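To keep things clear, I will list the structure first and then write my remarks on it.
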Amino acid sequence: ATDNNTRTVANVRSYFTKHGGSLGTQGSLTFLFDHKSVFKIKPKEGVSLEDLELELIDYGVDELEDIVDDETGEEQVILYGAFEEYANIQKYLEDNGFEIISSEFERIPNDLKEVTPDQRAAIEKLLERIEEDEDVQNVFHNMKEED
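Take 14 as the starting number for the sequence shown in the numbering used here and just add one per residue.
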């Protein structure tokens, strides 16, 4: 999110250059990620996850995950759907009285890559620098998490 694309692109390009990388052209890596709508909702009394999943398939949801939030200890349901189906999913949830905790778009990697400890350190320094930029809202990568 920027009011000056030229400045932001120059900044990000300099971060890559300083860390031994290069900036690709716009859209050159989109094939590495799925663009998804992601909703976190509170479970609804009397509605099973299986029934909810079957109902939401018609609205564009392709995956449902039941988790416990680490910070609050409350149960949440995470819904993953096609980017294009965001409005349909949101309308269904609102029309059926589900409490939406958050909703956003995410880039989900298709394939996670193994990296060496040295590569990981270098990549994490670069990611940290990019995240510090005031015009950067989200950073996505396909680096496999440490074991």
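From the three backbone atoms N, C-alpha and C, an ideal C-beta is built for every residue, glycine too. In this text the structure is predicted, and so the values were computed from the model without any measurement.
Unbroken alpha helix (DSSP H) run spanning residue i, endpoints
i      : result
Glu144 : Pro130 to Glu145
Contact set for residue i: own chain, Cβ-Cβ below 8 Å, skip 5 residues either direction
i      : result
Phe118 : His48, Lys49, Ser50, Val51, Phe96 and Tyr99
Opening and closing residue of the beta strand (DSSP E) in which residue i lies
i     : result
Val74 : Val74 to Val81
Phe46 : Phe46 to Ile54
8 Å contact criterion, which residue i and residue j should meet: CB distance rounded
i      : j      : result
Ile143 : Val25  : 6 Å
Leu92  : Ile54  : 7 Å
Lys57  : Phe111 : 6 Å
Proximity below 8 Å, CB of residue i to CB of residue j
i      : j      : result
Leu45  : Asn151 : no
Asp124 : Gly94  : no
Glu87  : Asp79  : no
Same chain only: Cβ atoms within 6 Å of residue i, ignoring 5 sequence neighbours per side
i      : result
Asp148 : Thr15 and Thr21
Val197 : Outside the shown range of the chain, which is 14 to 160, sits residue 197, and nothing can be said about it.
Residues near residue i by beta carbon distance below 7 Å, same chain, minus five either side
i      : result
Glu84  : none
Ile114 : Lys53, Ile54, Lys55 and Gln89
Secondary structure, alpha helix (DSSP H): runs of 4+ residues fully inside the segment 96-127
99-108
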